[in-house]
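First to last, the sequence lines map onto chains G and X. Counting in the working numbering, the first sequence runs from 1 upward without gaps. Counting in the working numbering, the second sequence runs from 129 upward without gaps. C-beta atoms are modelled at their ideal positions from N, C-alpha and C, and glycine is treated no differently. What you are looking at is a predicted structure, and each value in this text was computed from that prediction instead of being measured.
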Amino acid sequence: MMKKKARGFTLLEVLAATAVLSVGTLYMYQSYFSVLRAFDYCSGYIASSNFLQEKLWEGVDSVRREGGLGSPVSGDFTAGGRQFVWNMALGKASDRVYEVTVAVDWKSGKQEIELSRTAYASYENPTE
Amino acid sequence: MRIRRNNGITLIELLIVSVIISVVGLAIYSSFAGGLKVWKRVNTAIEGEDLVLFFARFSQDLRATVPLKSNVFLGSEDTMEFPVVAGSRRMGLASSVGRVAYVFHPEAGTLTRSEQDYSAIFVGTGDKDPREVLRGVAELRMSYYCFDPEAGGFVWLDKWPYLRPPLAVRMEVRRAGKSEEDIVRRSFFIPVAGS
Chain G
1 MMKKKARGFT LLEVLAATAV LSVGTLYMYQ SYFSVLRAFD YCSGYIASSN FLQEKLWEGV
61 DSVRREGGLG SPVSGDFTAG GRQFVWNMAL GKASDRVYEV TVAVDWKSGK QEIELSRTAY
121 ASYENPTE
Chain X
129 MRIRRNNGIT LIELLIVSVI ISVVGLAIYS SFAGGLKVWK RVNTAIEGED LVLFFARFSQ
189 DLRATVPLKS NVFLGSEDTM EFPVVAGSRR MGLASSVGRV AYVFHPEAGT LTRSEQDYSA
249 IFVGTGDKDP REVLRGVAEL RMSYYCFDPE AGGFVWLDKW PYLRPPLAVR MEVRRAGKSE
309 EDIVRRSFFI PVAGS
C-alpha cells in the first residue's frame, strides 16, 4: 500500500482560499460604497431642502401676485459646506394654472445629483 | 537510493506564505476599519436634519388650521397660536378642534409646541404641557404675510393684528454657532387663508 504524504496545505489550496476571500471582500466593499453614497445623498438632500422649499414658495407667491416668476431664476448657494446650483422654471398646466419647478443640482463624488420639486399656482388677472 | 530531505520549510515557501497572509490580513483589516468609519459617520446626526423635520411638522399644523371666529390666529415675533383640527385624546379616534401654540424661548434657545384640544379645555384637564421641538436656536423670528390695501401690496408683519389667519407665515431661524449669513428662512402658505 502506498502512503500518500498530504499533511498541511499546498500552495494551490492557499491561493484558492485567498481568491474566495477576496471575492467576499469585494462584495463587502461594494456595500460599503453604496452605504457611503446613500449617506452622502441624504446629507446633500437635507442641506439643500430648506433652500429649495423656500425658492418654491417664492416662485408660487410671485405667480399668484404677478402671473410670472420674479428674477433671478437661477443661481448658486452654499449650505452644509457644499456647493449647489439652483434654477426655477415656469410651465402651464392649464389656462390659469401654472406649474413652478425648482431644481437643485450638486455633486456627490463623481455623480451629478438633481433634486426637483414642483408646485402649482393659479393666477387671476385683475384687469380681466 | 538518495533520500530527499523534506522535513522543514524552505525560505521561498516561507516568503510566499507570509506575503499571502499579509495580503489577506490587510484586506480584512481595511474592510473592518472602513466599516467602523462608515458606522461612525452614519451615527452622527446630519447637520440641519432636525430643522427639516421640524418644518415638515410645522407645515402639517398650518395645513390643519381652520378659520374660526371664536378661536383666532395669534401671532407675534416669537409666538404663534392657532386653531387646528386634530385627533382628540378624549374622544378616541374622532377629531376635534384644538389649539396649537409655538413659543420661542430665547434664553433656553428652544422652540416649544403645545397642543390642547377643546374637549379637554371644557373639562378643565387642559393638556398643555409644551414639548421641545427644536433646540440650539440662537435667533428665531416669525412674520405674517397679508395684503395691505392702503399700500396696495403684500407686506410681512411682525405682529398679526387680525382675527383671521394670514396668507402665509414665515420663520427665520439662526442656529447656535452660526453666522448671520446662515439664517434659514422658510415660508408657508396657509390654505384656508382668505376664505
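Using a C-beta cutoff of 8 Å, does residue i count as contacting chain G?
i	result
V213 (chain X)	no
F282 (chain X)	yes
A155 (chain X)	yes
G176 (chain X)	yes
V152 (chain X)	yes
V312 (chain X)	yes
V180 (chain X)	yes
S307 (chain X)	no
R169 (chain X)	yes
G203 (chain X)	no
G136 (chain X)	no
G378 (chain X)	This structure cannot settle anything about residue 378 (chain X), because the visible part of chain X is limited to 129 through 323.
F210 (chain X)	no
I144 (chain X)	yes
F232 (chain X)	no
I140 (chain X)	no
S223 (chain X)	no
V265 (chain X)	no
F183 (chain X)	yes
For residue i, collect the residues of the same chain with a Cβ closer than 7 Å to its Cβ; drop the 5 residues on either side in sequence, then sort them by chain order.
i	result
R191 (chain X)	P319
S50 (chain G)	The residue asked about is misnamed: residue 50 (chain G) is Asn in this sequence, not Ser. So the list is empty, once near-sequence residues are dropped.
How about residue i: is its C-beta nearer than 8 Å to some C-beta of chain X?
i	result
G111 (chain G)	Rather than Gly, the amino acid found at residue 111 (chain G) in this sequence is Gln. No, Q111 (chain G) lies away from the interface with chain X (no Cβ there is under 8 Å from its Cβ).
Y32 (chain G)	yes
M28 (chain G)	yes
A93 (chain G)	no
S49 (chain G)	yes
F39 (chain G)	yes
Just to confirm the assignment, what range does the beta strand (DSSP E) spanning residue i have?
i	result
T25 (chain G)	Where T25 (chain G) is concerned, there is no enclosing beta strand (DSSP E), although the alpha helix (DSSP H) it sits in stretches over L11 to E66.
W106 (chain G)	V97 to S108
L90 (chain G)	R82 to K92
S116 (chain G)	Q111 to S122
V320 (chain X)	V320 (chain X) -> no beta strand (DSSP E), and no H or E assigned at all.
W288 (chain X)	Taken as a continuous stretch (DSSP letters only), W288 (chain X) belongs to no beta strand (DSSP E), as it is neither H nor E.
G75 (chain G)	S74 to A79
T240 (chain X)	T238 to D245
A229 (chain X)	S223 to H233
S271 (chain X)	V265 to D276
E88 (chain X)	No answer is possible for residue 88 (chain X): the residues shown for chain X start at 129 and end at 323.
L262 (chain X)	R259 to L262
Under 8 Å Cβ to Cβ from residue i, same chain only, skipping five residues before and after it: list those, please.
i	result
I46 (chain G)	G80
E141 (chain X)	none
L196 (chain X)	P211 and V225
Tell me which residues share the same chain as residue i and place their Cβ nearer than 6 Å to its Cβ, disregarding the 5 neighbours each side in the sequence.
i	result
L268 (chain X)	F232 and V301
D206 (chain X)	F232
M299 (chain X)	M270 and R314
G70 (chain G)	S62
Between the Cα of residue i and those of the options, spot the shortest distance and give me the residue it belongs to.
i	options	result
S74 (chain G)	G:K110, G:V20 and G:D105	G:D105
V60 (chain G)	G:R7, G:T101, G:T10 and G:G109	G:T101
V213 (chain X)	X:P234, X:G237, X:E235 and X:E243	X:E243
D310 (chain X)	G:R96, G:Q111 and G:T78	G:T78
E260 (chain X)	X:Y272, X:Y273 and X:L239	X:L239
R82 (chain G)	X:E175, X:E235 and X:V200	X:E175
K92 (chain G)	G:A16, G:S31, G:A121 and G:S108	G:A121
G281 (chain X)	G:M88, G:R65, G:V97 and G:L36	G:R65
Quick check for students: name the residue ranges of the beta strand (DSSP E) that lie wholly in the region 146–204 of chain X, counting only runs of 3 or more.
none
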